[in-house]
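One structure below.
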Amino acid sequence: MAEAKKELITDTKNDNFTLQAPEKKLYRTFIYFSIVALLIGGLMGLLQTIMRAGDFTLPFGIGYYQILTVHGVILALVMTTFFIIGFQFALMGKSVGISAKQLKWGWISFWIMAIGTTITTIMILLGESSVLYTFYTPLKAHPLFYIGLALVIIGSWISAFVNFRQLYVWKKAHPGEKSPLFAFMVVINMAMWVIASLGVAISVVALIIPWSLGMTATINVLVTRTLFWYFGHPLVYFWLLPAYMAWYAIIPKIIGGRIFSDSLARMAFILLIFFSIPVGFHHQLTEPGIDPTWKFVQVVLTFMVVIPTLMTAFSLFATFEVTGRKKGYKGLFGWLRHLPWKDVRFLAPFIGMLAFIPGGAGGIINASHQMNAVVHNTIWVTGHFHLTIATVVMMTFFGIGFWLIPHLSGRTLTKSMNKLGIVQTILWTVGMLFMSGSMHIQGLLGGPRRSDFSTYGGTEQAQTWINYQLFQAIGGTILFIAIILLVYIYVKLAFFTPKGTEEFPVGEEEPDAQPTPKFFENWYLWIGITIALILFAYTIPFIDIINNSPPGSPPFPNLI
Ligand code: HAS
Ligand code: CU
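Everything in the sequence shown is counted per our numbering, starting at -4 for the first residue and increasing by one.
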């Protein structure tokens, strides 16, 4: 073991470690698990669109809400978390290294998460837990559904602490040096994740599990929903930040350029941790038990997030333009031509970036209180997140997989796989245009989310919605074909393409870049401000919610 440790921690002095066989195995196991989840979750998505489009019923009495729950839980909570942790581990291994002991804890984390996922999935498939991925009370699932989810979260915390430890050990060995950008970004994302998931963990462990076990007679619905959304919004940024990591620090290398600004990237991540947690009320704008003043405060904090997002858009544009001009392309938009359009490692994430323009605009609409009243609980919201998570984030993740999977399996991304990847990218884009576009329109026509229209009994309004349903069924079919193609490519890259060393693209700063200010390393300050903002945004409204709860549903409900 001591030998392995020595082997793993080989500092090459330029913050660029060569990933070793044992660590590669952990990282790729996380990623492969997420691909299996994508396949299962994607199939459920296809079944949903078909069920909603007509009179199609599933065998064995499998219900619409059952497959909708599998779709949401397996894709939104499981596939994302496994991919992100695997990818982030790879970034940490590459930038600060991993020791044998840390690696062991990484495996423990994986197994706890995998066991939790299996328990939860079985409970949904048994038809005992059709409570959707938000598991709003008073919908009640089998206790094992929640216990499984709690295990996924606990497992992910272990990975988070391993990541914190990795950076800590590196910093001890490099006193006074700035932490590598990859490691900095991963630690921000995991710090956000731990702080946020504490909320849902408290809700699940202290309130929901005792209630579903029958130990308590009632549950405080508003408290559980509030704790869920305290977690739910940072959850979406937990998905987004790894995409940002790729945009800021990997894409520049792929296009043959440099990172526009290391300080700006760090600043964006710090602002994102500040403004990702104290904003959950923007999912609860229609809920009567929350004081409108505090909804307003959280909406203002939500809008603050536009700043780091636009900083990101600016700095990506700048990287693209500077690189193009350096290569000699002239004119206002001449530099656009230099971009490597035929390289799937670039094309897929780039389309993801583009999708963020309408996706972000939709988010701003959702967050605007009055407009939220128009779209809330309509399928518009589902359209919004099929643009953000399923297009912006997923296309970036797909793009990462095209180089990361062969890097981890010791194989190469061949020309033919790259071509197939481009076909896959186009299919996904077209599929999501159908899917998300028709969801947005259907939502504006009042089509409700999370419901099987075909059971609405042929009212005139339901008939209008069903027309758009057809587009979703087309979109769903194209997307499912794209998933099959992706899995085919990934299996090739994992086991069959020629052996070799696929590049791990690590972006570098401009040689004459200004040094990154020291205060970016002040973790106590960043976490301190984050906690202060959370306390500011949540303390008074939370006390208010508890004080005004109906009798019999205090935060810790009456024992039977
Ligand atoms: Fe959202 C609901 C507000 C972003 C995911 N969101 C959801 C749900 C999910 C989700 C899953 O305020 C549903 C939850 C449920 O089941 O109920 N969202 C926002 C806002 C943003 C936002 C303000 N959401 C996301 C992201 C997600 C995501 C990102 C996943 C990854 N969302 C809401 C609200 C609701 C909501 C309400 C509740 C609705 C309701 O009533 O239930 C912001 O973060 C958006 C900021 C983004 C921008 C765009 C910037 C553009 C960029 C593009 C760069 C491109 C370049 C390339 C450089 C302002 C960065 C250009 C190159 C060229 C050549 C042109
Ligand atoms: Cu949100």
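All C-beta atoms in this analysis are idealised placements derived from N, C-alpha and C, irrespective of residue type, glycine included. This structure is a prediction, so every number in the text was calculated from the model and none was measured.
What runs of the alpha helix (DSSP H), each 4 residues or longer, lie entirely inside the stretch 211 to 263? 216 to 244, 246 to 249
Using only the heavy atoms of ligand 1, determine whether one of them is closer than 7 angstroms to the beta carbon of Val317. Residue 317 sits at position 322 when you count from the first residue of the sequence shown. No - ligand 1 has no heavy atom lying nearer than 7 angstroms to the Cβ of Val317.
How should Ser411 be labelled, buried or exposed, when 16 other C-beta atoms within 10 angstroms of its C-beta is the threshold for buried? On the sequence shown, position 416 is the one that residue 411 refers to. With fewer than 16 Cβ atoms within 10 Å of its Cβ, Ser411 is classed as exposed.
Proximity of Val482 and Ile30 at Cβ, strictly below 8 angstroms: Reading the sequence shown from its first residue, position 487 is the one you call residue 482. Reading the sequence shown from its first residue, position 35 is the one you call residue 30. In contact: Val482 and Ile30 (Cβ atoms closer than 8 angstroms).
Using C-beta distances below 6 angstroms, list every residue in its chain close to Gly470, excluding the 5 sequence neighbours before and after it, in chain order. Counting from 1 along the sequence shown, the entry for residue 470 is found at position 475. Answer for Gly470: Gly426, Phe429, Met430, listed in chain order.
Less than 8 angstroms between the C-beta atoms of Gly252 and Thr314, yes or no? Within the sequence shown, residue 252 is the residue found at index 257, counting from 1. Within the sequence shown, residue 314 is the residue found at index 319, counting from 1. Going by C-beta atoms, Gly252 is nearer than 8 angstroms to Thr314.
Give the C-beta separation of Val199 and Tyr141 to the nearest angstrom, bearing in mind that I take them to be a contact with Cβ-Cβ under 8 angstroms. Within the sequence shown, numbered from 1, the residue matching residue 199 stands at position 204. Within the sequence shown, numbered from 1, the residue matching residue 141 stands at position 146. About 5 angstroms; that satisfies the 8 angstroms criterion.
Exposed or buried, Phe270, counting other C-beta atoms within 10 Å across all chains shown (16 or more means buried)? As a working mapping, residue 270 is identified with position 275 in the sequence shown. With 16 or more Cβ atoms within 10 Å of its Cβ, Phe270 is classed as buried.
Taking only beta-carbon positions, decide if Trp375 is within less than 8 angstroms of chain B. Judged by its chain identifiers, the structure shown contains no chain B, having just a single protein chain.
Closer than 7 angstroms: is that where the CB of Val65 sits relative to any heavy atom of ligand 2? One-based indexing of the sequence shown puts residue 65 at position 70. Outside the cutoff, so no.
Start and end residues, alpha helix (DSSP H) containing Pro512: If you number the sequence shown from 1, residue 512 lands on position 517. Unbroken run through Pro512: none, as it is neither H nor E.
Taking the beta carbon of Gln83 as the centre, do at least 16 other beta carbons fall within 10 Å, making it buried, or is it exposed? If you number the sequence shown from 1, residue 83 lands on position 88. Gln83 comes out buried.
Trp106 classed as buried or exposed, judged by whether at least 16 other C-beta atoms fall within 10 angstroms: For the purposes of this step, residue 106 is identified with residue 111 of the sequence shown, where counting begins at 1. It is exposed - the Cβ of Trp106 has fewer than 16 other Cβ atoms within 10 Å.
Can you tell me the Cβ-Cβ gap for Val147 and Leu134, rounded? I've got them flagged as a contact below 8 angstroms. Here residue 147 refers to the residue found at position 152 when the sequence shown is read from its first residue. Here residue 134 refers to the residue found at position 139 when the sequence shown is read from its first residue. That pair is no contact at about 19 angstroms.
Along the chain, where does the alpha helix (DSSP H) that runs through His435 open and close? Here the question's residue 435 lines up with position 440 in the sequence shown. Per DSSP, His435 belongs to the alpha helix (DSSP H) from 410 to 439.
To the nearest angstrom, how far is the alpha carbon of Gly495 from that of Phe397? Here residue 495 refers to the residue found at position 500 of the sequence shown. Here residue 397 refers to the residue found at position 402 of the sequence shown. Roughly 14 angstroms between the two C-alpha positions.
Spatial neighbours of Pro205 within its chain, please: CB distance less than 8 angstroms, with the 5 preceding and 5 following residues excluded, ordered by chain position. Residue mapping note: residue 205 aligns to position 210 of the sequence shown, counting from 1. Here the set comprises Thr211.
Using C-beta distances below 8 angstroms, list every residue in its chain close to Ile538, excluding the 5 sequence neighbours before and after it, in chain order. As a working mapping, residue 538 is identified with position 543 in the sequence shown. Result list for Ile538: empty, nothing under 8 angstroms.
Close beta carbons around Ser151, own chain, < 8 angstroms, minus the five adjacent residues each side: In the sequence shown, residue 151 corresponds to position 156, counting from 1. Hits under 8 angstroms: Thr76, Ile80, Ser104, Met108, Trp188, Ser192.
Starting from Met39 and walking both ways along the alpha helix (DSSP H), at which residues does that stretch end? Translated into positions along the sequence shown, residue 39 becomes position 44. Start and end: 16 to 48.
Select from His277, Val300, Gly194, Gln161 the residue whose C-alpha is nearest the C-alpha of Lys290. In the sequence shown, counting from the first residue as 1, residue 290 sits at position 295. It is His277.
Compare the C-alpha of Arg605 against each of Ile93, Gly171, Asn184 and name the closest. Any property of residue 605 remains undetermined from this structure, which presents the chain solely from -4 to 555.
Simplified DSSP assignment, three categories, for Ile538: Within the sequence shown, numbered from 1, the residue matching residue 538 stands at position 543. If DSSP states are grouped into helix, strand and coil, Ile538 belongs with the helices.
Considering just the uninterrupted stretch of the alpha helix (DSSP H) at Glu282, what are its terminal residues? Taking the first residue of the sequence shown as 1, we reach residue 282 at position 287. Note, Glu282: premise wrong, no alpha helix (DSSP H); not H, not E.
Could you tell me if the beta carbon of His435 falls within a distance shorter than 7 angstroms of some heavy atom in ligand 2? Start at 1 with the first residue of the sequence shown, and residue 435 comes out as number 440. No, Cβ of His435 sits at least 7 angstroms from all heavy atoms of ligand 2.
Alpha carbon of Val376 to alpha carbon of Gly358, nearest angstrom: Counting from 1 along the sequence shown, the entry for residue 376 is found at position 381. Counting from 1 along the sequence shown, the entry for residue 358 is found at position 363. If you take the alpha carbons of Val376 and Gly358, they lie about 9 angstroms apart.
Give me the Cα-Cα distance between Ile26 and Tyr60, rounded to the nearest whole angstrom. On the sequence shown, residue 26 is found 31 positions in, with the first residue counted as 1. On the sequence shown, residue 60 is found 65 positions in, with the first residue counted as 1. Whole-angstrom Cα-Cα distance: 27 angstroms.
What's the C-alpha gap between Ala263 and Pro303? As a position in the sequence shown, residue 263 is number 268, starting the count at 1. As a position in the sequence shown, residue 303 is number 308, starting the count at 1. Each residue's Cα considered, the two are about 5 angstroms apart.
Alpha carbon to alpha carbon, how far is Thr454 from Asn413? Give it in angstroms, no decimals. Within the sequence shown, numbered from 1, the residue matching residue 413 stands at position 418. Within the sequence shown, numbered from 1, the residue matching residue 454 stands at position 459. Taking the straight line from one Cα to the other gives about 48 angstroms.
Distance cut-off 7 angstroms: His278 Cβ against heavy atoms of ligand 2: In the sequence shown, counting from the first residue as 1, residue 278 sits at position 283. His278 Cβ: within cutoff of ligand 2.
With a threshold of 7 angstroms (Cβ to nearest heavy atom), would Trp234 be considered close to ligand 1? If you number the sequence shown from 1, residue 234 lands on position 239. Yes.
In the DSSP assignment, what are the bridge partners of Glu505? If you number the sequence shown from 1, residue 505 lands on position 510. DSSP lists no partner for Glu505.
At a cut of 8 angstroms, does the stretch 476 to 492 reach the stretch 227 to 238 through at least three beta carbon pairs? no
Please work out which residues of its chain come closer than 7 angstroms, Cβ to Cβ, to Met299, disregarding the five sequence neighbours upstream and downstream, and give them in chain order. By 1-based counting over the sequence shown, the position of residue 299 is 304. Closer than 7 angstroms at Cβ, skipping near neighbours: Phe270.
What three-state label does DSSP hand Lys337 in the structure shown? Against the sequence shown, residue 337 aligns to sequence position 342. Residue state, collapsed to three classes: coil.
Examine ligand 2 and report whether any of its heavy atoms sits within less than 7 angstroms of the Cβ of His228. By one-based count along the sequence shown, residue 228 stands at place 233. Checking every heavy atom of ligand 2 against the Cβ of His228, one is found closer than 7 angstroms.
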